[in-house]
Structures are given as C-alpha cells and as structure tokens.
Amino acid sequence: MKQRDTSWNKVAGWYGKKVGDSGHFYHEQTILPLLKKYLEENNVRKLLDLGCGQGVVERVFVGEEYVGVDLSSSLLSQAQRSKKNVKSRFVHADASKSLPIKDTDFDCAVSVLALQNIENYEGVINNFAKHVKKGGSLVLVLNHPYYRIPRASGWMVLQGNSKQVRWISDYLKVKRIPITMNPGAKGRRQTVTWSFHVPLSYYIKCLSQNGFYVDGLEELVSSKESVGKFANRENIAREEIPLFMFITAKKVN
Ligand SMILES: C[S@@+](CC[C@H](N)C(=O)[O-])C[C@H]1O[C@@H](n2cnc3c(N)ncnc32)[C@H](O)[C@@H]1O
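Counting from 120, one number per residue, gives the positions in the sequence shown under this note's numbering.
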C-alpha cells in the first residue's frame, strides 16, 4: 500500500475552529467526560496523546506531565497557544514511526479519534507499547468500527414498518477511504483527508501482540436529539446504534 500523508494540516483552520477550546459537540458531551473520569480514577500523572490535534485532551488533563504528538504543524501550533499546563510538550512527528521521545514511563497513552486516520495503526500501537510503562494503561477512542465505516455504512428506513436501521457493507475488508471535508466545493478545491478501516479484531489482535490486555470496552451513543417530522424513529435509532467505541487496555508485559 502506498503511504498517504494523513496529516490534517490542510484542514487545520477548519478543524481547530470546530473543536474550539473545549471540544466539538461529541468531545464535550460524550468522549471527554468519560476520558477525564478514566484518567482521574486511574490516577494518571503522565500522559502520552498520539494524534493529539489541537490539544483538546491536554486541556482537560489534570495530571502532571503531558506529551502530545501529531503530524500537523498547524494543529500543534494551535495546541501550543492554548495549552493549559506550561510544562506540556507538543511534538511534531508521525505517530506510526519511531518517535523522537525518550520517555518509556508514561502511566497512560491515549488516541482520540485519530487511530483511524493513520494507515499504519500497528506502528502507533507499537509506540504505545514502547512508551507506556509496565502496568500502565491505554485508551483508544474510535469511530465505532462496525457502524461507522465511511462510504460503507449509513441509515435507511425499512419499508413497511418505517423503522430506521443501519446498513453496513464491506466490514471485513481493509479499506482506505477518502473523506471530502468540504463537499460543496468543486474539483481541485475539494479537500480530502484519509480514513482507514480495519475490522475491530485487527486492533484487538495487535494490542495483544504488543502486550496489552483489553480490560474495558464502552459503546457510546449520540446525545444529539432529533427534532422534526421523523424525530421519533431517529431518536429510537440514535439510542440503539453507537457512534463511538471507547477501548481501555493494560500493559501486562
Ligand atoms: C480527527 S483528528 C483528532 C485530533 C484530536 N485527537 C481530537 O480529538 O481533536 C485526527 C488527527 O490525527 C492526526 N494524524 C493523522 N495522521 C497522523 C500520523 N501519521 N501521525 C500523527 N498524527 C496523525 C491529524 O493530524 C489529526 O490531528
């Protein structure tokens, strides 16, 4: 497979604004409260964040030491400008390759909505294994790998009983998927980022090969209530089909 530049530099302005200081809607409502609770309950003092973007995790982390890694220099500049702890470090590097970081004693590592934007997820998990201390932990926040495969999943309404259901295709196939960030624009003005789909079992196998034991898995639904003509069936579907997966693991060796 040809290596893609999956940096979000070209959409950094747009993404930075969308996330803002406290995160986009799903960061704020769904992901960050759970992540914050996990980090606090596990007494995480030193945190590594791979694919940290503009630093939204740094701003909710209350521990002592934070290192964020990203391939987009523009997002890292935003992160640097809005960091909460002066000691936090942001590193410009490919999270799937050997990192310019010496520390191998992180209490925990996270990747929030970034692993599926990196073609070589194995390299990222390898880095987690290298830099997290024995007994430390890992949190992966993914777009739900069954239900949210870009271009291979979507909503439909069953004829007959008007139930809203989710269709899925190509689940077992490894896919690289272009995502047009500004679908309204024409031709060369369109901006594309890349998403990479692998079945859930690939992540679990790779974690286990790297000495991680999965000890938690949450499936998070959207809290965005529908209004309007089809609100009833949309809200039923929203409460049944998760948007995100929150995986936790411990490094056992
Ligand atoms: C959807 S954004 C998530 C950013 C951040 N974790 C958040 O929740 O706002 C995906 C991030 O992955 C980063 N990324 C993509 N490929 C990367 C790579 N090979 N190494 C490091 N970061 C990468 C992008 O630059 C972008 O910041």
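Cβ atoms here follow ideal geometry from the backbone N, Cα and C, with glycine treated the same way.
If we count the other Cβ atoms within 10 Å of its Cβ and call it buried at 16 or more, is residue i buried or exposed?
i: R223; result: For the sequence presented, residue 223 should be read as Thr rather than Arg. Counting Cβ neighbours within 10 Å, T223 comes out exposed, since fewer than 16 surround it.
i: I287; result: exposed
i: E238; result: buried
i: Q278; result: exposed
i: R357; result: buried
i: T312; result: buried
i: A350; result: exposed
i: V163; result: buried
i: K156; result: exposed
i: K121; result: Residue confidence is low: K121 scores 49 on pLDDT, short of 50, so the model does not pin down where it sits. Its coordinate-derived value is still stated next. It counts as exposed.
i: N246; result: buried
i: D140; result: exposed
i: G303; result: exposed
Could you please give the first and the last residue of the uninterrupted beta strand (DSSP E) stretch that includes residue i?
i: A368; result: 363 to 370
i: L336; result: 331 to 339
i: R200; result: That residue, R200, is in no beta strand (DSSP E); its alpha helix (DSSP H) goes 192 to 200.
i: K165; result: 165 to 169
i: E184; result: 184 to 189
i: G254; result: 251 to 262
i: S217; result: No beta strand (DSSP E) contains S217, which DSSP labels as neither H nor E.
i: P297; result: 294 to 299
i: G306; result: Careful: G306 lies outside any beta strand (DSSP E) and carries neither H nor E.
Using the Cα positions of residue i and residue j, report the straight-line distance between them to the nearest angstrom.
i: L326; j: V138; result: 29 Å
i: P219; j: V251; result: 15 Å
i: T367; j: S192; result: 28 Å
i: F144; j: P152; result: 12 Å
i: N372; j: V333; result: 13 Å
i: F365; j: K202; result: 24 Å
i: L261; j: S272; result: 15 Å
i: K282; j: I360; result: 13 Å
i: S320; j: V188; result: 26 Å
i: T230; j: D289; result: In the sequence as displayed, the identity of residue 230 is Ser instead of Thr. Their backbone Cα atoms lie some 25 Å apart in a straight line.
i: L291; j: I244; result: 20 Å
i: K370; j: N329; result: 8 Å
i: K324; j: G135; result: 33 Å
i: N354; j: N280; result: 16 Å
i: D213; j: I268; result: 24 Å
i: Q148; j: E183; result: 25 Å
i: F363; j: V293; result: 19 Å
i: E337; j: K221; result: 32 Å
i: S215; j: P318; result: 19 Å
Check for me: the alpha helix (DSSP H) holding residue i runs from which residue to which?
i: E358; result: 350 to 359
i: W133; result: 131 to 138
i: I323; result: 319 to 328
i: P152; result: 151 to 160
So, is the C-beta of residue i closer than 9 Å to a C-beta in chain D?
i: H250; result: As a matter of chain content, chain D is missing from the structure shown, which is built from one protein chain.
Checklist entry - Do the region 193 to 201 and the region 161 to 180 meet, that is, are 3 or more Cβ pairs less than 8 Å apart? => result yes
Next on the checklist: Taking 8 Å as the cut-off, does the region 307 to 321 touch the region 337 to 352 (at least 3 CB pairs, one atom from each stretch)?
Outcome noted: no
Item to check | the region 204 to 212 in contact with the region 252 to 262 per 3-pair CB rule at 8 Å | outcome: no
Checklist entry - For the 8 Å Cβ check, are there 3 or more pairs between the region 128 to 138 and the region 226 to 243? => result no
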